[in-house]
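Undergrad: Numbering (the working numbering), first residue to last: 717 to 1094. Backbone N, C-alpha and C define an ideal beta-carbon position, used for all residues, glycine too. Remember, it's a predicted structure, so these values are computed and weren't measured experimentally.
Take a look at the structure:
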């Protein structure tokens, strides 16, 4: 495909995975040729970084350490917040994948951080001093806002979210109302809406990716990569022995902290558990009592069952982060097959995953984890 149909939208994938296949077979010269072709065919930073990362691995296998470092530096420069750029930096620094900071603090004073962000808003968007960034009578009296609060008070959270989402979408070009709504979403616990609004404000400020917005106040990153449900997440992580930052990254990827999220396949809640899987775990640990599928919408229950299921994957696969996460997403059978191909090489593991959805899933969680580690690490 890559050689005979270079204009095909599959040409990069053809060259890239041919390079990985040659590497697997120990055909390093052919691997380098395919990966160099992939560099020429790359259209996105993710693709360029991926090809550079693998060229570095080929060079490393050939004993060309200096050349490997150069390729990995190129990968990190091509896509600094993307999976392959982050992974290349780990290889350059000799770090393990999913390595948590030695110390970190998940408790953030969002009130103070918001005050700093408000001052930045006034300067960056030239807002008059009389503009109230906390409240708007027009916005608060909007029928959707009124209905959302009433639905919330009645425990009708899905209906409340629909009203809030309608407001969010209609105000996504209004940076002041977006900032006001951001606080309301946090106050009412609609964290997925807060996450989207945080990115909206970053975009209006000229940043396409909040992870790369170095001059943006930390408040927006703390909202986007929030430590929501903190006591429960910490307790679940400690109870089942899973890294708390991995657990947070998994929740972020699975549901954006939306407790009533339901996938097309029927997975539910914060950690997107299938009811049948959750029922099996609940019966084995006797929690929650008298489990029913509706319990998956309760954050505490979902976190407990999901952390237990993740811990099982870590146990089966000897603590391997990549394989455990792949098993969580695609099932242990698939994960074991890819592990058998890759051995102890995490990059080869990702390169051996047959399904684009599963490859993207692992890459996204690694990207999210890197931001949690950066924000909360000390």
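Return yes when the Cβ of residue 738 is within less than 8 Å of the Cβ of residue 724, no when it is not.
TA: As a first step, residue 724 must be located in the chain shown, where it is residue number 8. As a first step, residue 738 must be located in the chain shown, where it is residue number 22. No, these two residues do not count as a Cβ contact at 8 Å.
Undergrad: Rounded to whole angstroms, what's the CA-CA distance from residue 921 to residue 827? Just pull it up for me.
TA: Here residue 921 corresponds to residue number 205 of the chain shown, with the count starting at 1. Here residue 827 corresponds to residue number 111 of the chain shown, with the count starting at 1. For residue 921 and residue 827, the distance between alpha carbons rounds to 21 Å.
Undergrad: Please report the straight-line C-alpha distance between residue 727 and residue 755, rounded to a whole angstrom.
TA: Counting from 1 along the chain shown, the entry for residue 727 is found at position 11. Counting from 1 along the chain shown, the entry for residue 755 is found at position 39. Near 11 Å, if we compare the C-alpha coordinates of residue 755 and residue 727.
Undergrad: What does residue 984 pair with, by DSSP beta-bridge criteria?
TA: Counting from one through the chain shown, the residue named residue 984 turns up at place 268. In DSSP, residue 984 forms a bridge with 978, 989.
Undergrad: Less than 8 Å between the CB atoms is what I'm expecting for residue 791 and residue 804, so what's the real figure, rounded?
TA: Counted from its first residue, the chain shown places residue 791 at position 75. Counted from its first residue, the chain shown places residue 804 at position 88. The pair is a contact, with the Cβ atoms about 4 Å apart (cut-off 8 Å).
Undergrad: Look up residue 820 in the DSSP assignment and say whether it is helix, strand or coil.
TA: Here residue 820 refers to the residue found at position 104 when the chain shown is read from its first residue. Reduced to three states, the DSSP call for residue 820 is strand.
Undergrad: From which residue to which residue does the alpha helix (DSSP H) around residue 947 run?
TA: Here residue 947 refers to the residue found at position 231 when the chain shown is read from its first residue. Segment 946 to 956, the alpha helix (DSSP H) holding residue 947.
Undergrad: May I have the straight-line CA-CA distance separating residue 1051 from residue 1059, to the nearest angstrom?
TA: Position 335 of the chain shown, counted from the first residue, corresponds to residue 1051. Position 343 of the chain shown, counted from the first residue, corresponds to residue 1059. C-alpha separation (whole angstroms): 12 Å.
Undergrad: With DSSP collapsed to three states, give me the class of residue 1059.
TA: In the chain shown, residue 1059 corresponds to position 343, counting from 1. Of the three classes helix, strand and coil, the one that applies to residue 1059 here is coil, per DSSP.
Undergrad: Please classify residue 945: is it buried, with 16 or more other beta-carbons within 10 angstroms of its beta-carbon, or exposed?
TA: In the chain shown, the residue the question calls residue 945 occupies position 229. By the neighbour-count rule (16 or more Cβ atoms within 10 Å), residue 945 is buried.
Undergrad: Among all the DSSP beta bridges, which residues are the ones paired with residue 1093?
TA: On the chain shown, position 377 is the one that residue 1093 refers to. Note: residue 1093 sits in a beta bridge opposite 820.
Undergrad: Only counting the same chain, and skipping five residues up and downstream in sequence, which positions put a Cβ closer than 6 Å to that of residue 772?
TA: One-based indexing of the chain shown puts residue 772 at position 56. The beta carbon of residue 772 sits closer than 6 Å to those of 784, 787, 788, all from its chain and outside the five residues before and after it, given in chain order.
Undergrad: On the three-pair Cβ rule with 8 Å, is the segment 791 to 802 touching the segment 761 to 777?
TA: yes
Undergrad: Counting only the same chain and skipping the five closest in sequence on each side, list residues whose C-beta sits under 7 Å from that of residue 1027.
TA: The count along the chain shown starts at 1 and reaches residue 1027 at position 311. These residues qualify, in order along the chain: 956, 957, 958.
Undergrad: Pick out whichever of 796, 917, 859 has its Cα sitting closest to the Cα of residue 761.
TA: Working through the chain shown from its first residue, we reach residue 761 at position 45. Measuring from the Cα of residue 761, the nearest candidate turns out to be 796.
Undergrad: For residue 936, count neighbouring Cβ atoms within 10 angstroms of its own Cβ and tell me buried if that reaches 16, exposed if not.
TA: As a working mapping, residue 936 is identified with position 220 in the chain shown. Residue 936 comes out buried.
Undergrad: Nearest-angstrom Cα distance between residue 1092 and residue 872?
TA: Taking the chain shown and counting its residues from 1, one reaches residue 1092 at position 376. Taking the chain shown and counting its residues from 1, one reaches residue 872 at position 156. So the two alpha carbons sit approximately 33 Å from each other.
Undergrad: In whole angstroms, give me the CA-to-CA distance for residue 781 and residue 1017.
TA: Residue 781 sits at position 65 when you count from the first residue of the chain shown. Residue 1017 sits at position 301 when you count from the first residue of the chain shown. The straight-line gap from Cα to Cα measures roughly 49 Å.
Undergrad: Between residue 788 and chain C, is there a C-beta pair that is closer than 8 Å?
TA: Going by chain labels, chain C is absent from the structure shown, which holds only one protein chain.
Undergrad: How big is the Cα-Cα spacing for residue 903 and residue 990?
TA: If you number the chain shown from 1, residue 903 lands on position 187. If you number the chain shown from 1, residue 990 lands on position 274. Between residue 903 and residue 990, the C-alpha separation is close to 29 Å.
Undergrad: What distance in whole Å lies between the Cβ atoms of residue 933 and residue 836, which are believed to be in contact at a cut-off of 8 Å?
TA: Position 120 of the chain shown holds residue 836. Position 217 of the chain shown holds residue 933. Sure, about 5 Å apart at Cβ, within 8 Å.
Undergrad: On the criterion of 16 or more Cβ atoms from any shown chain inside 10 Å, does residue 859 qualify as buried, or is it exposed?
TA: Taking the chain shown and counting its residues from 1, one reaches residue 859 at position 143. Exposed is the call here.
Undergrad: Check whether the Cβ atoms of residue 884 and residue 912 sit closer than 8 Å, and answer yes or no.
TA: Here residue 884 is taken as the residue at index 168 of the chain shown, counted from 1. Here residue 912 is taken as the residue at index 196 of the chain shown, counted from 1. For residue 884 and residue 912, yes; Cβs fall inside 8 Å.
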